[in-house]
Every structure is written in C-alpha cells, then in structure tokens.
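See structure below.
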Amino acid sequence: QVYDTLVQSRACFWEDSTAIPSLARSWEFSTDGLTLTLRLRDDVRWHNKPPVNGRPFTSADVAFTIEHQKQGGLLRSYWDGLDHTEPDAQTVVLRLKEPQADLLAKLAYHTNIMVPREVKEQSGDYKRVAIGTGPFTMEQFSPGQNTRLARNPNYYLKGEDGQSLPYIDEIRAE
C-alpha cells in the first residue's frame with residue numbers, strides 16, 4: 207500500500223497472470239522478445255516526505271532501483287541478464303540477452319517495488335524509512351505493535367467516479 211510496482215497482476219483468479227498498468231502506463235516488446243520498452247506515467251509523485259519531498263517519479267528512479275537490486279537486493283536474479291537505458295524521463299528500455307516469458311510477471315511481483323535513491327543516500331536503509339508512490343504513506347510503524355498508514359493526498363489514480371483514490375483516510379493495525 208506504500209509502494210508501487212512498474213506493472214501489476216490483474217489477478218482476477220489464481221491462474222490469471224495478465225499484467226495491467228501501474229507505474230508504467232504501457233509497454234511494448236520487440237518482435238524478437240529481447241527488448242521491452244516501458245512508458246511511465248507522467249502524473250506520479252513520490253510521497254511528500256523528506257528527503258524525497260513529493261518530487262516526480264521518473265525513469266531515473268527505475269534505473270536506480272534496478273542497479274540497487276543488481277548490487278545485492280533480494281530480487282537481483284530478476285534483473286540478471288538485463289541491461290537498461292532511459293532515453294527520457296518517462297521511458298525505460300530493458301534489453302535481455304535471451305527472451306524471458308515471465309518478465310512481466312517479474313515486474314508485477316508484489317515485492318519488486320520502486321524505491322527512491324534519496325532514502326538510500328540519507329539513511330542507508332529502506333527498513334527505517336518507507337517512502338513510495340502508493341496510495342498510503344507510512345505514518346507510524348512499531349514492529350510487532352502497531353502500524354498506521356494515512357491516505358496519500360497526491361495519489362495518481364482516480365476511481366470510476368473521478369474522485370482521488372484511496373477513499374479511506376487511514377489504516378490502523380494494532
């Protein structure tokens with residue numbers, strides 16, 4: 207609820223592996239299956255909290271996350287055999303050494319989240335500072351005790367009624 211992935215699984219039922227847009231609004235594979243071009247949404251902003259302060263989400267953030275994972279993240283194997291370029295702020299081009307039938311599923315995997323470089327630079331640890339692009343911001347977290355998430359007033363998605371999502375103001379788990 208705090209973070210987003212580039213694409214997400216529609217998951218209407220267990221076997222449904224159809225990818226739908228999330229931070230990437232669209233994508234296209236080359237005919238040989240070796241290149242995936244992702245077009246990012248232009249209306250996404252990081253949570254309005256230091257050190258990111260609500261800046262726009264861009265292809266540089268995708269590049270940072272990929273390199274962060276390659277250098278020892280839990281999902282480094284997802285990015286093995288993959289190179290990337292960012293021709294502009296809203297485009298990411300992924301180049302594969304061989305086709306991967308499950309690449310979109312890897313991009314949609316619920317822990318394959320995008321993270322801001324500023325958090326790593328400032329605190330060195332994503333376990334202490336949770337800043338994402340998702341519908342909720344982390345307001346309080348005490349391991350094994352409680353969690354409080356607040357509605358992200360700048361979330362990019364709108365409901366069928368045209369109103370900003372999410373519709374609820376807070377989530378508490380105690």
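Going letter by letter, the sequence shown gives residues 207 to 380 in the working numbering. Glycine included, each C-beta is placed from N, C-alpha and C at the ideal position.
Proximity winner among the options, relative to residue i (alpha-carbon distances)
i: residue 251; options: 238, 317, 233, 228; result: 228
i: residue 261; options: 361, 302, 233; result: 361
i: residue 318; options: 243, 349, 343, 338; result: 338
i: residue 370; options: 277, 265, 333, 340; result: 340
i: residue 400; options: 217, 367, 307, 329; result: No statement about residue 400 is possible, as the shown extent of the chain runs from 207 to 380 and does not include it.
i: residue 299; options: 208, 225, 241; result: 241
i: residue 266; options: 287, 292, 285; result: 292
Span separating the alpha-carbon of residue i from that of residue j
i: residue 211; j: residue 239; result: 21 angstroms
i: residue 281; j: residue 268; result: 14 angstroms
i: residue 232; j: residue 245; result: 5 angstroms
i: residue 380; j: residue 294; result: 43 angstroms
i: residue 363; j: residue 215; result: 16 angstroms
i: residue 301; j: residue 311; result: 16 angstroms
i: residue 407; j: residue 320; result: No information on residue 407 is available, as it lies outside the stretch 207 to 380 that the chain covers here.
i: residue 275; j: residue 258; result: 20 angstroms
i: residue 248; j: residue 219; result: 30 angstroms
i: residue 223; j: residue 255; result: 34 angstroms
Residues that DSSP places opposite residue i in a beta bridge
i: residue 255; result: According to DSSP, residue 255 bridges with nothing at all.
i: residue 352; result: 348
i: residue 235; result: 242
i: residue 289; result: 301
i: residue 376; result: 356
i: residue 370; result: 364
Reduced DSSP secondary structure (H/G/I, E/B, other) of residue i
i: residue 283; result: helix
i: residue 398; result: This structure cannot speak to residue 398, because the chain is shown only from 207 to 380.
i: residue 364; result: strand
i: residue 295; result: coil
i: residue 222; result: coil
i: residue 216; result: coil
i: residue 264; result: coil
i: residue 269; result: helix
i: residue 311; result: helix
Cut-off 7 angstroms between Cβ atoms - residues of its own chain near residue i, not counting five sequence neighbours on either side
i: residue 374; result: 357
Residues near residue i in its chain [Cβ-Cβ closer than 6 angstroms; skip 5 each side]
i: residue 354; result: 345, 346, 378
i: residue 284; result: 312
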